[in-house]
Amino acid sequence: MARRRFHRFASFVTTTSALVLTATLWAGLAHADTGSSSGSGGSGSAASGSASGSASGSASGSAQLPLASPRAMVALGLATTQTGKPYRWGGVGPDAWDCSGLVQWAFRSVGIDMPRTTWQQAAAGLEVPFGALEPGDVVVLNDDASHVGIYAGGGNVLNAYGSGVPVGLTPLNQFDIYTIRRFY
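Per mature numbering (1 follows the signal peptide of the UniProt record, and there is no 0), the sequence shown runs over residues -32 to -1, 1 to 152.
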């Protein structure tokens, strides 16, 4: 009995350590990654018609947006474990994903409440200007907010792109950016 408890505890510690290490590594990359790759949308901020509300809101208007959370970095890490799985419209895993289903699963897996559809995800969280883009941020794409992924750094977004394309990285500059959202 004690041996079984020890093995469960050791497994928990190993898993927790791996998650902490992943979050720490991603946090280090987040500080080094300025998100300087330009998307084809150009402006980099939310398009008109997107949900209002942003991280700035102090009386002076100069409040800084908090850095991406370690949980968002772990969500990105979890989403990468789904690389290579097929796209299926309406797919919520574990065998196939659509874009918003993958994002919802990854963030809910780390305790972050995430709505189901791309359009709902575009209205949730904190709005992020393009210049503040960090790995772990949710990037809502296309002029009609019809696609979503998780920014992975290096100018790439991890996403379930579409029919015939497995979950993986896509260059962010292949899309117009509708809005960028940050979750804690």
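Quick reminder that beta carbons are idealized off the backbone N, C-alpha and C, glycines included.
Just so it is clear, the structure is predicted and the values come from calculations on it, not from any experiment.
Item                                                                                                                                                                          : Value
For my contact list, Val107 and Val125 are in at a C-beta cut-off of 8 Å; report their separation, rounded to the angstrom.                                                   : 5 Å
What separation, rounded to the nearest whole angstrom, lies between the Cα atoms of Pro97 and Gly132?                                                                        : 32 Å
Measure the C-alpha to C-alpha separation of Gly104 and Trp65 and round it to an integer number of angstroms.                                                                 : 18 Å
With 16 other CB atoms within 10 Å as the buried threshold, where does Thr147 fall?                                                                                           : buried
Which first and last residues belong to the beta strand (DSSP E) in which Ala113 is found?                                                                                    : Taken as a continuous stretch (DSSP letters only), Ala113 belongs to no beta strand (DSSP E), as it is neither H nor E.
Can you tell me whether DSSP reads Pro139 as helix, strand or coil?                                                                                                           : strand
Out of Arg84, Asn110 and Cys67, which one is the CA nearest neighbour of Leu137?                                                                                              : Cys67
If you follow the beta strand (DSSP E) that Thr147 is part of, which residue opens it and which one closes it?                                                                : Ile145 to Arg150
Taking all protein chains shown into account, do 16 or more other C-beta atoms lie within 10 angstroms of the C-beta of Thr86, making it buried, or fewer, making it exposed? : buried
When the Cα of Tyr129 is compared with those of Gly59, Gly121, Arg84 and Ser37, which residue comes out closest?                                                              : Gly59
Relative to the C-alpha of Arg149, which residue among Gln89, Asn141 and Asn127 is closest?                                                                                   : Gln89
Return the bridge partner residues of Tyr55 from the DSSP annotation.                                                                                                         : Trp65
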